[in-house]
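**Student:**
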Amino acid sequence: MAKAKIVPQSQNTGMMFTISFVIVAIVNALVIGLANIYFPKQVVLGTMSLTTLWAIILSASTISLLTLLVMPFLRVYEMNRKKMMSPIELMIAYFFVNVVSLWLVTRVSQVFGLGVSSFIIVLILGFILDMVQGIIMMQVDKMRTH
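Going by the UniProt record's numbering, the letters in the sequence shown line up with residues 1 to 146, in that order.
(1) Report the three-state DSSP secondary structure of Gly134 (helix, strand or coil).
(2) Closest to Ser117 by CA distance: which of Trp103, Phe73, Val111 and Phe127 is it?
(3) Should the region 81-88 be regarded as contacting the region 45-55, the criterion being three or more beta carbon pairs within less than 8 Å?
(4) Asn36: which of Val122, Leu68 and Val99 sits nearest, CA to CA?
(5) Is DSSP giving Phe45 helix, strand or coil here?
(6) Using 8 Å as the threshold, is the C-beta distance between Asp141 and Asn98 below it?
(7) Out of Phe39, Thr67 and Leu45, which has the shortest C-alpha to C-alpha gap to Thr18?
(8) So, under 8 Å CB-CB, Leu45 and Leu90 are touching, yes? Tell me the CB distance rounded to an integer number of Å.
(9) How big is the Cα-Cα spacing for Ser59 and Leu74?
(10) What are the boundary residues of the beta strand (DSSP E) that Leu113 is part of?
(11) Name the residue from Phe39, Ile124, Gly14 and Phe119 whose alpha carbon lies nearest to the alpha carbon of Phe95.
(12) Could you check what DSSP says for Lys83 in three-state terms: helix, strand or coil?
(13) Measure the C-alpha to C-alpha separation of Met79 and Val70 and round it to an integer number of angstroms.
(14) Can you check whether the CB of Val31 is closer than 8 Å to the CB of Val132?
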């Protein structure tokens, strides 16, 4: 029987994906929830069947999953170009990913319970999500490497 190796957390991509998913989902939930509290006419949560809490959970986790599924493709892009993306390039890439994810989720608002009044709101929310996710994930990366 082969001996099992203990893989350090920094090399355990499955665990890092899970931790990243949870952190990004929490960040998304906070941003979406606060947007609904401060701008209820622009960001609407819930349906006849979904409570506000379930709408936050479903939409935030779906956006997080879509965002994190792009990560491997960005790594492949970096390998093909033989150069790591700068933080600004990553922020721009994830801005577009967040906008597309938000737009897709809001297009089926009856399923996820997240609705917005216009595409401008999607752009603003995408920018805010990008900034907050970037700050939080940089801190997580610093803790992971130390």
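All C-beta atoms, glycine included, are put in the ideal place defined by N, C-alpha and C. Predicted, not measured: the structure shown is a model, and the values here were computed from it.
**Tutor:** Walking through what the data contain:
(1) helix
(2) Trp103
(3) Per the Cβ contact rule, the region 81-88 is not in contact with the region 45-55 (fewer than 3 Cβ pairs under 8 Å).
(4) Ranked by Cα distance from Asn36, the options Val122, Leu68 and Val99 are led by Val122.
(5) What sits at residue 45 in the sequence shown is Leu, not Phe. Leu45: strand per DSSP, three-state reduction.
(6) no
(7) Thr67
(8) About 29 Å separates the two Cβ atoms, so there is no contact after all.
(9) 23 Å
(10) Here the sequence assigns Gly to residue 113, which means Leu is not the residue at that position. Here Gly113 belongs to no beta strand (DSSP E), and DSSP marks it neither H nor E.
(11) Ile124
(12) coil
(13) 15 Å
(14) yes
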